[in-house]
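Take a look at the structure set out below.
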Amino acid sequence: MGSSRRELLQWVSWLGSSWLLERATTAPAAALAPPLDACRPVGDPLLALQQGNARFAAAWQQAATQHEPGQRMAVLQQVLGEHCQVDPMALAAAQHPWAAVLTCADSRIPLEWIFCVGAGELFGVRSAGNTAFDAGVASLEYAVEQLGVPLILVMGHSGCGAVRAALSDQPLSPLQEQLVAPIRACLQPGDDLSRAVRRNACSTAQQLTAGSDLLRQAQASGRVQIASGCFDLATGRMELL
Ligand SMILES: [Zn+2]
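The numbering of the sequence shown is this note's numbering, which starts it at 8 and goes up by one.
Below, the structure written as structure tokens:
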């Protein structure tokens, strides 16, 4: 085992120790508030997401110009190592994310990477095809009502397998049929995959308020902003829709 891996495992063990948990859960909430907000942007959270994504996309595109896998990862790691990180001890006790992202379960769109943020900043709700599934909407209600999250971004992505399945007539399992049903319901004749992904993200954003009194009222009162976007795997860029 390499020393860096051993150190990481020791750190994880330390993080999970009863000593830490006892300290974290008994510390006064007021004392933990500043470190929890240490990385919170002072301005518009949507603009902050766009700016973080611009940094990631630049690194992603620069990495693509390198010839060797190690060089490409080095370019990425340099950018990913620069972002702010909330104190792990504060995160062990509480969370105060400043944006929620409802997106696909696709493994190629790690939120902390593509928005250049650390743990504790984004409340992630994920399901293949980023539909407005009941448990997901309820999770977003919690984020807005209990955590005070001021922004929900619904984000589709290029090459989405769930949207491709919705466009196809290939047989699916009963549960998968349920999953793609809301995607199929919003499609228009002639939609290709790219248009279908965008239409699905916009439709999901509309369904959040259509299906939740809590989110509709929060949006109407200005407590939460709801936006939709599309992430492109080739460029690393998130485009607002
Ligand atoms: Zn997907």
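Every residue, glycine too, gets a C-beta built ideally from N, C-alpha and C.
Cβ-Cβ distance between residue i and residue j below 7 angstroms
{"i": "leucine 240", "j": "glycine 127", "result": "no"}
{"i": "valine 49", "j": "alanine 66", "result": "no"}
{"i": "alanine 106", "j": "arginine 244", "result": "no"}
{"i": "isoleucine 190", "j": "valine 161", "result": "no"}
{"i": "alanine 258", "j": "arginine 79", "result": "Outside the displayed range of the chain (8 to 248) lies residue 258, so it cannot be described from this structure."}
{"i": "glycine 125", "j": "glutamine 73", "result": "no"}
Chain D within 7 angstroms of residue i, Cβ atoms only
{"i": "leucine 247", "result": "The displayed structure is made up of one protein chain only, and chain D is not part of it."}
Beta-ladder partner(s) of residue i, from DSSP
{"i": "phenylalanine 130", "result": "Ala107"}
{"i": "methionine 162", "result": "Thr110 and Gly236"}
{"i": "methionine 80", "result": "Methionine 80 pairs with nothing; no bridge assigned."}
{"i": "glutamate 246", "result": "Cys237"}
Close beta carbons around residue i, own chain, < 8 angstroms, minus the five adjacent residues each side
{"i": "glycine 222", "result": "The residue asked about is misnamed: residue 222 is leucine in this sequence, not glycine. The residues are Val144, Leu147, Glu148, Val151, Ile159, Leu215, Thr216, Val231 and Ile233."}
{"i": "proline 104", "result": "Gly127, Glu128, Leu129, Phe130, Ala150, Leu154 and Val156"}
{"i": "cysteine 237", "result": "Met162, Gly163, His164, Ser165, Val204, Arg205, Ala208, Met245, Glu246 and Leu248"}
Residue i versus the options, residue with shortest Cα-Cα distance
{"i": "asparagine 207", "options": "Gln226, Leu109, Phe130 and Asp176", "result": "Leu109"}
{"i": "valine 86", "options": "Ser180, His74 and Gln69", "result": "Gln69"}
{"i": "threonine 138", "options": "Gly229, Gln195 and Leu186", "result": "Leu186"}
{"i": "glutamine 58", "options": "His90, Gln102 and Ala227", "result": "His90"}
{"i": "aspartate 199", "options": "Cys46, Ala55, Glu75 and Ala172", "result": "Ala172"}
{"i": "glutamine 183", "options": "Pro52, Cys193, Gly136 and Asp220", "result": "Gly136"}
{"i": "glycine 88", "options": "Glu119, Ala100, Arg115 and Glu75", "result": "Glu119"}
{"i": "serine 201", "options": "Ala188, Pro181, Gln224 and Leu174", "result": "Leu174"}
{"i": "alanine 142", "options": "Ser228, Cys46, Pro196 and Gly218", "result": "Gly218"}
Residues near residue i in its chain [Cβ-Cβ closer than 6 angstroms; skip 5 each side]
{"i": "proline 42", "result": "Asp94 and Ala97"}
{"i": "serine 235", "result": "Val161, Ala208, Cys209, Ala212 and Leu248"}
{"i": "glutamine 102", "result": "Gly127"}
{"i": "leucine 53", "result": "Leu158 and Ala234"}
{"i": "threonine 33", "result": "Because threonine 33 carries a pLDDT of 43, less than 50, the predicted location of this residue cannot be relied on, and the following value inherits that uncertainty. Excluding positions up to five away in sequence, the list is empty."}
7 angstroms Cβ shell around residue i - same chain, five flanking residues per side excluded
{"i": "arginine 62", "result": "Val86 and Cys123"}
{"i": "isoleucine 121", "result": "Asn60, Phe63, Phe238, Gly243 and Met245"}
{"i": "phenylalanine 140", "result": "Ser134"}
{"i": "serine 11", "result": "Summary for serine 11: the model assigns pLDDT 48, below 50, so the residue's position carries little reliability; its value from the coordinates is reported in the next sentence. Excluding sequence neighbours, serine 11 sits near nothing in its chain."}
{"i": "leucine 56", "result": "Ala106, Phe122 and Leu160"}
{"i": "leucine 28", "result": "The predicted model places leucine 28 with a pLDDT of 40, which falls under 50 and marks its position as unreliable; any figure quoted below should be read in that light. Within the same chain, leucine 28 has close Cβ partners Ala99."}
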